[in-house]
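Reading through the structure tokens given below for one structure.
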Amino acid sequence: MGMSIRTNVGSLNAQRNLYSTQNSLNTSLAKLSSGFRITKAGDDAAGLAISEVLRSQISGLNQASKNAQDAISMIQTAEGAMQEVHSMLQRMNQLAMQASNATLSDKNRGLIKLELDQLHTEINSIAGRVNFNGQKLLDGSLSTAIDSTSTINAGTAAGADAGVIAVDVSRAKTGLTFTFTDNTDGTVTLDDGTGNSQTINFAAAIAAGGNATLDFSTLGVKISLGSAVGSSAADAAAGLDGETIVTAAGGGAATFQIGPNATDTLSINFDSIEIDAGSSTASFAALAGAIAGWSDADPTTANALVTAIADTINDVSKMRANLGAAQNRLDHTIENINVTSENLSASESRIRDADVANETAEMTKAQILMQAGVSVLAQANQMPQMTLKLLG
Numbered sequence: 005m006g007m008s009i010r011t012n013v014g015s016l017n018a019q020r021n022l023y024s025t026q027n028s029l030n031t032s033l034a035k036l037s038s039g040f041r042i043t044k045a046g047d048d049a050a051g052l053a054i055s056e057v058l059r060s061q062i063s064g065l066n067q068a069s070k071n072a073q074d075a076i077s078m079i080q081t082a083e084g085a086m087q088e089v090h091s092m093l094q095r096m097n098q099l100a101m102q103a104s105n106a107t108l109s110d111k112n113r114g115l116i117k118l119e120l121d122q123l124h125t126e127i128n129s130i131a132g133r134v135n136f137n138g139q140k141l142l143d144g145s146l147s148t149a150i151d152s153t154s155t156i157n158a159g160t161a162a163g164a165d166a167g168v169i170a171v172d173v174s175r176a177k178t179g180l181t182f183t184f185t186d187n188t189d190g191t192v193t194l195d196d197g198t199g200n201s202q203t204i205n206f207a208a209a210i211a212a213g214g215n216a217t218l219d220f221s222t223l224g225v226k227i228s229l230g231s232a233v234g235s236s237a238a239d240a241a242a243g244l245d246g247e248t249i250v251t252a253a254g255g256g257a258a259t260f261q262i263g264p265n266a267t268d269t270l271s272i273n274f275d276s277i278e279i280d281a282g283s284s285t286a287s288f289a290a291l292a293g294a295i296a297g298w299s300d301a302d303p304t305t306a307n308a309l310v311t312a313i314a315d316t317i318n319d320v321s322k323m324r325a326n327l328g329a330a331q332n333r334l335d336h337t338i339e340n341i342n343v344t345s346e347n348l349s350a351s352e353s354r355i356r357d358a359d360v361a362n363e364t365a366e367m368t369k370a371q372i373l374m375q376a377g378v379s380v381l382a383q384a385n386q387m388p389q390m391t392l393k394l395l396g
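For any residue, its number in my numbering is found by taking its place in the sequence shown, counting from 1, and adding 4.
Encoded structure:
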């Protein structure tokens with residue numbers, strides 16, 4: 005190749021190699037400073053796509069673990085309250101057995117009944133009070149819901165039944181169709197379709213600015229009525245006539261998201277522990293009946309209460325056992341989630357994270373090449389000056 009002043013091929017070659025070395029050094033510096041092997045899609049397009057999928061799965065698993073822990077806390081809140089209910093039932097059983105003894109007078113039994121009533125009231129109060137993050141756990145509202153096929157329309161929007169502002173079926177049995185009948189005499193009857201019904205008298209007009217409640221306690225259905233312009237009890241009764249309430253089986257069960265996929269869920273029923281005639285649990289309804297049927301003068305009524313309390317204790321034990329089993333399941337779920345998240349994180353790390361030892365070696369090599377390249381470029385830039393000697 006001839007000697008040229010206008011085109012310094014050696015300098016161009018050194019510049020090209022120096023540019024490539026500079027890119028390599030910049031890439032190594034970016035990886036070492038960020039800790040990632042993939043800092044941009046161009047570093048490893050396929051690896052980036054795979055790692056993003058793994059990242060999504062890992063974050064979902066981590067959140068699922070937190071969800072499961074929150075679910076355990078929710079279960080423990082309910083089970084802790086039920087533990088106290090158990091204690092009160094045991095005390096009621098002791099009192100009932102004491103009252104069954106013929107050595108007590110009618111007055112003695114009357115005094116025992118005072119404590120029984122207080123315990124009964126407190127159990128129902130606990131059922132209404134216990135909540136987790138604003139959700140009541142033991143009044144049945146999480147395990148019974150109104151099915152969409154119901155024709156009753158509560159609320160303030162157009163089309164709502166006259167005066168009806170809310171419908172509560174938390175204590176009703178699931179899978180039933182309740183039908184209202186206006187008897188046109190100031191009373192309304194609610195029938196559950198299985199031969200059970202209850203009639204309520206609410207002949208007085210709904211007071212302006214006030215409200216009324218139709219508590220069909222034996223069926224577990226409660227209707228809240230509010231005042232409306234020109235609306236009366238008769239209007240509300242006529243509006244309810246023929247309307248139906250369909251209760252969904254387990255429609256309100258608490259559902260927990262315990263995995264990264266939409267189908268990774270666990271549903272748990274939190275049943276009502278209210279002791280009243282309208283309870284969906286037969287032993288609770290029987291206990292309410294036994295308490296109502298108590299007679300100070302008749303020891304056999306106390307004896308009947310012993311049997312009813314024993315059945316109730318067994319049912320509460322089953323409820324607590326179900327919650328305990330669910331909690332143990334969630335404990336295993338959390339362990340499995342954490343192991344899976346750990347292994348997926350290791351896999352994502354191998355794809356995405358930088359190998360510091362390897363990148364340090366690459367950076368050192370690039371730095372040496374940069375120094376050599378700069379030196380060679382300086383020498384190459386001096387080459388055209390050698391042609392001046394030919395002119396000398």
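Even glycine gets a Cβ: it sits at the ideal position worked out from N, Cα and C.
The beta carbon of GLY114 sits closer than 8 Å to those of ASP300, all from its chain and outside the five residues before and after it, given in chain order. DSSP places THR311 outside any beta strand (DSSP E); the residue lies instead in the alpha helix (DSSP H), whose first and last residues are 303 to 356. DSSP places ILE295 within a helical segment (H, G or I) once states are collapsed to three.
Taking 7 Å as the cut-off, the Cβ atoms of ILE249 and SER154 count as close.
Under the three-state reduction of DSSP, LEU218 is assigned to strand. One thing to note: VAL171 has its Cβ no nearer than 7 Å to the Cβ of PHE184. In the three-state DSSP reduction, LEU180 falls in the coil class, being neither helix nor strand. In terms of Cα proximity to ILE317, the closest of ARG20, GLN98, LEU270 and ALA176 is GLN98. The three-state secondary structure of LYS140, taken from DSSP, is strand. C-alpha of MET390 to C-alpha of ASN30: approximately 35 Å in a straight line. Under the three-state reduction of DSSP output, ALA266 falls in the coil class, being neither helix nor strand. Boundaries around ILE169 are those of the beta strand (DSSP E), 168 to 172, since no alpha helix (DSSP H) includes it. With the rule of 3 Cβ pairs closer than 8 Å, the stretch 323 to 333 counts as touching the stretch 260 to 277. Runs of the alpha helix (DSSP H) lying entirely within the stretch 10 to 55 and spanning at least 4 residues, in chain order: 13 to 38. Of the residues ALA45, ALA18 and THR11, the one whose Cα lies closest to the Cα of ALA382 is ALA18.
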